[in-house]
Amino acid sequence: MAGFFDRIVNLDRRWIFLIVLLSVATPIVIPIGLPVTTTGPTRAAFEFIEALHEGDVVLISFDYGPSSAPENDPMAEAVMRQCALKKLRFIVCALYPLGGLGLANNVVAKITEELPNLRDGVDYVNLGYKDGAAAVMRHMGEDIAGAFPTDVHGKPISEIPLMKGVHDLRQVKVVFTAATGIIGEWWITQVHPQVGIPVIIGPTAVGAPKYYAYLNSGQLVGMVGGMKGAAEYESLLRARYPQLATFYTTTRAFTATKGMDGQTVLHTVILLLLLLGNVAYFRQRRASAKARA
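First residue of the sequence shown? That's 131 in this note's numbering, and the numbers climb one at a time after it.
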């Protein structure tokens, strides 16, 4: 046993790097499917959208960049899947200047490949990117076509079937903003007071705590907080829609559930390494004290 702990103390750090890599990568490649406990804000977000009626319109705003995509992409994808299966129509826009449009396009392409029955312009529309963030939101509150005269393909809004009867945000049932930074907060502080539209936010985990004040005040109807919240949302989808239960257990694409599996395994491994390292250190120190005595 002493020899084992001696080897731990003198272990080449590159072995630790390899162990960490395998701890993260293995659950992503070979999903474990660890159980996920859902929290109130995530369940509230899910149930709010679930209570909408066929044909209702949801706005999904991409207010984040590539640096937080591993957290924000899965939640945006999950909301789109829910809208599609409930036969809700959804409008996509991007207000984040650094890569928001590319992320929106990627997620839309991914979901429409999974669900080929979705019709562009009928079941969903991608409005693209517009600079101005808060000013654009407030403009959409009064005139969506004024803020986005065309969709991402250059087609006039007046020619898009989904947009007939949807003139401003008063005809939209809820805004879901997948967000990092201040842009997502502006939907709560700028647009919600303007037109009274319900808002659900999907922030990164590090930004989630600040939004509990908005939840408690009723300015938010739900929150999907970080990768953990996205994994909770995926869990709720699997429970409600059997076809998604099969999808989430067989897909090779990255999901929040896989990401949380990787995090859980990695955190467990790190704790074990800390424990072994401390035991080895104290054994070595005790042996040195005995040698000096």
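Even glycine gets a Cβ: it sits at the ideal position worked out from N, Cα and C.
Keep in mind it's a predicted model, so treat the numbers as computed, not measured.
Spatial neighbours of residue i in its chain, beta-carbon cut-off 6 Å, leaving aside the 5 residues before and after
i           : result
residue 195 : 226, 228, 229
residue 352 : 171, 174, 175, 178, 330
residue 317 : 305, 307, 329
residue 255 : 221, 281, 290, 292
Sheet register partners of residue i (DSSP bridge)
i           : result
residue 256 : 222
residue 353 : 331
residue 309 : 193, 333
residue 286 : 280
residue 188 : 220, 304
residue 250 : 254
Option nearest residue i by Cα separation, candidates the options
i           : options            : result
residue 188 : 285, 221, 201, 214 : 221
residue 161 : 389, 169, 294      : 389
residue 282 : 309, 235, 265      : 235
residue 158 : 409, 398, 382, 407 : 382
residue 237 : 348, 308, 322, 263 : 308
residue 223 : 300, 182, 280, 242 : 280
residue 264 : 143, 255, 311, 219 : 311
residue 257 : 271, 233, 273, 287 : 287
residue 148 : 422, 403, 420, 414 : 403
residue 166 : 405, 357, 406, 408 : 357
residue 321 : 347, 297, 365, 266 : 266
residue 156 : 333, 249, 395      : 395
residue 192 : 401, 210, 182, 180 : 210
Rounded separation between residue i and residue j - CA only
i           : j           : result
residue 343 : residue 169 : 16 Å
residue 213 : residue 240 : 14 Å
residue 285 : residue 293 : 12 Å
residue 335 : residue 140 : 36 Å
residue 371 : residue 207 : 15 Å
residue 376 : residue 362 : 16 Å
residue 391 : residue 367 : 18 Å
residue 303 : residue 138 : 58 Å
residue 354 : residue 218 : 19 Å
residue 186 : residue 273 : 18 Å
residue 197 : residue 190 : 19 Å
residue 399 : residue 414 : 22 Å
residue 345 : residue 201 : 20 Å
residue 407 : residue 401 : 10 Å
residue 301 : residue 387 : 33 Å
Contact set for residue i: own chain, Cβ-Cβ below 7 Å, skip 5 residues either direction
i           : result
residue 269 : 276, 277
residue 385 : 204, 364, 378
Spatial neighbours of residue i in its chain, beta-carbon cut-off 8 Å, leaving aside the 5 residues before and after
i           : result
residue 261 : 227
Which runs of the beta strand (DSSP E) fall wholly inside the segment 345-389 and span at least 3 residues, in chain order? For the segment 345-389, not a single whole beta strand (DSSP E) run of length 3 or above is found.
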